[in-house]
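Written below as structure tokens is the structure these notes are about.
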Amino acid sequence: MSATGDVSAAGATGAAHGRGAADGRVVVIGHGPVATVMLDRPAKLNALTMAMLDDLEQVLARIDADPAVRVVVLASAGDRVFCAGADIKHFMRLGATDMWRTWTRRGHQVFDRLAALRQPTIAAVDGNAYGGGLELALACDLRVVADDATVGLTEVGLGTVPGWGGTWRLRELVGPARAKELILTGRPVDAARCASWGIATSLAPRASVLAAAGELAEEIASRSPVAVQMAKQAVDAGSAGAAMALEGLAGAASGGTADFTEGVSAFTERRDPTFTGS
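Under our numbering, the first residue of the sequence shown is numbered -4, with each subsequent residue one higher.
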């Protein structure tokens, strides 16, 4: 997926570290209420390195602290693969203890931070996504997937298991039996099955995936950001009791905002609301 635009202040942290291009980087494209976070290592199919995980964590911290950002789109550079997963050459050098202490734990930390981001997140999966690449997309709230893409948790073919949250995040989406089928066989699935099983929230032609994700992001960004972010927390609560408790608190809290007043006024006046996040 190619994209154009200005690199924001959250941007090219890899360049600031003085790293080589082989390590890859994560950048933020453009400005405004929708932040596009891009994996930038197309020559290596956007395979993730430790340096890229560090970049991603720093970018997410800046986005979380920026009140102007309402929605995040996660995309990738190039036009071949969304993300081929973890870079095998990077983790194969590690022993078992270092694999757990550094590589696996670091991926969990960063992907959990992505999943817990207060803003809604949309993965623009414009090509194949395997292993850690699919796990990265699963950590997002929504996924727009290319209609000719395939995805899979293929780790058993390497003699290992999904290590960055894929086992339980996939289970949450598709149920235990289907998750086991994909994980235990390592078999990729096509876009049609992704959509029917709920892995993809929508499909689009490969060349239109970023645009489709952007349109969805703009629609969400047009809503009250306070209400949107509270609603995300309620859905993510993890149990019916916790969700209902959060819904009650969120309803009471959002009812006292300027956005609620604006939303009600716009509805009664039959006009589009203008939400400010206050």
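Note that the Cβ used here is the ideal one computed from N, Cα and C, for glycine as well.
Quick caveat, the model's predicted, so the values are computed rather than measured.
{"Item": "Name, in chain order, the residues that DSSP records as bridge partners for Met33.", "Value": "Val22 and Ala70"}
{"Item": "Is it the case that the stretch 143 to 161 contacts the stretch 60 to 72, given that we only count it when at least three CB pairs across the two stretches are under 8 angstroms?", "Value": "no"}
{"Item": "Applying the criterion that 16 or more other CB atoms from any shown protein chain within 10 Å of the CB defines a buried residue, is Leu179 buried or exposed?", "Value": "exposed"}
{"Item": "Tell me where the beta strand (DSSP E) around Arg138 begins and ends.", "Value": "Leu137 to Ala141"}
{"Item": "Taking Leu177 as the reference, which of Tyr125, Arg201, Ala208 and Leu205 has the closest Cα?", "Value": "Tyr125"}
{"Item": "Contact defined as beta carbons within less than 8 angstroms: I believe Ala118 pairs with Ala132. What is the distance between those atoms, to the nearest angstrom?", "Value": "4 angstroms"}
{"Item": "Three-state secondary structure (DSSP) at Gly13?", "Value": "Summary for Gly13: the model assigns pLDDT 45, below 50, so the residue's position carries little reliability; its value from the coordinates is reported in the next sentence. Looking at Gly13 - three-state DSSP - the assignment turns out to be coil, as it is neither helix nor strand."}
{"Item": "Short of 7 angstroms in beta carbon distance, which residues of its chain neighbour Thr(-1), apart from the five on each side in sequence? Order them along the chain.", "Value": "Any answer about Thr(-1) is weak, because its pLDDT of 34 lies below 50 and its placement is not dependable; what the coordinates show is given next. Excluding positions up to five away in sequence, the list is empty."}
{"Item": "With a CB to CB cut of under 6 angstroms and the five nearest residues on each side skipped, what residues in its chain are close to Gly274?", "Value": "Summary: the structure shown does not reach residue 274, with the chain confined to residues -4 through 273, and so no result is reported for it."}
{"Item": "Below 7 angstroms CB to CB, which residues in the same chain sit around Leu55 once its five sequence neighbours on both sides are set aside?", "Value": "Arg108, Leu109 and Leu112"}
{"Item": "Anyone know if the C-beta pair for Asp35 and Val22 falls short of 8 angstroms?", "Value": "yes"}
{"Item": "Short of 6 angstroms in beta carbon distance, which residues of its chain neighbour Gln224, apart from the five on each side in sequence? Order them along the chain.", "Value": "Arg113"}
{"Item": "So, is Pro171 buried or exposed, given that buried needs 16 or more other C-beta atoms within 10 angstroms?", "Value": "exposed"}
{"Item": "Quick check: what's the CA-CA separation for Ser203 versus Val151?", "Value": "32 angstroms"}
{"Item": "Compute the Euclidean distance between the alpha carbons of His207 and Ala30, then round it to the nearest angstrom.", "Value": "Per the sequence shown, the amino acid found at residue 207 is Ala instead of His. C-alpha separation (whole angstroms): 15 angstroms."}
{"Item": "Give, in chain order, every unbroken run of the beta strand (DSSP E) that is at least 3 residues long and sits entirely within the stretch 95 to 135.", "Value": "116 to 120 and 123 to 125"}
{"Item": "DSSP puts Gly147 in a beta bridge; with which residues?", "Value": "Tyr125"}
{"Item": "Where Asp254 and Arg218 are concerned, what is the direct C-alpha to C-alpha distance, given to the nearest angstrom?", "Value": "9 angstroms"}
{"Item": "Quick one: grab the DSSP three-state call for Leu153.", "Value": "helix"}
{"Item": "Quick check on DSSP: helix, strand or coil for Pro268?", "Value": "coil"}
{"Item": "Give the straight-line distance between the Cα atoms of Ser(-3) and Arg265, rounded to the nearest whole angstrom.", "Value": "A caution first: Ser(-3) carries a pLDDT of 34, below 50, which makes its placement in the model unreliable, though a value can still be read off. In a straight line, the C-alpha of Ser(-3) is about 39 angstroms away from that of Arg265."}
{"Item": "Pick out whichever of Lys84, Glu52 and Val66 has its Cα sitting closest to the Cα of Gly25.", "Value": "Val66"}
{"Item": "From Ala232, Asp142 and Gly209, pick the residue whose C-alpha is nearest to that of Ala195; which is it?", "Value": "Asp142"}
{"Item": "State the Cα-Cα distance for the pair Arg100 and Asp267, rounded to the nearest angstrom.", "Value": "45 angstroms"}
{"Item": "At what residues does the alpha helix (DSSP H) containing Ser191 begin and finish?", "Value": "Ala186 to Trp192"}
{"Item": "When you compare only the Cα positions, how much space is there between Glu130 and Gly272?", "Value": "31 angstroms"}
{"Item": "Reducing DSSP to helix, strand and coil, say where Ser203 ends up.", "Value": "helix"}
{"Item": "Am I right that Leu168 and Gly193 are in contact with their C-beta atoms under 8 angstroms? What's the rounded C-beta distance?", "Value": "5 angstroms"}
{"Item": "Is Val184 near Val140, with beta carbons less than 8 angstroms apart?", "Value": "no"}
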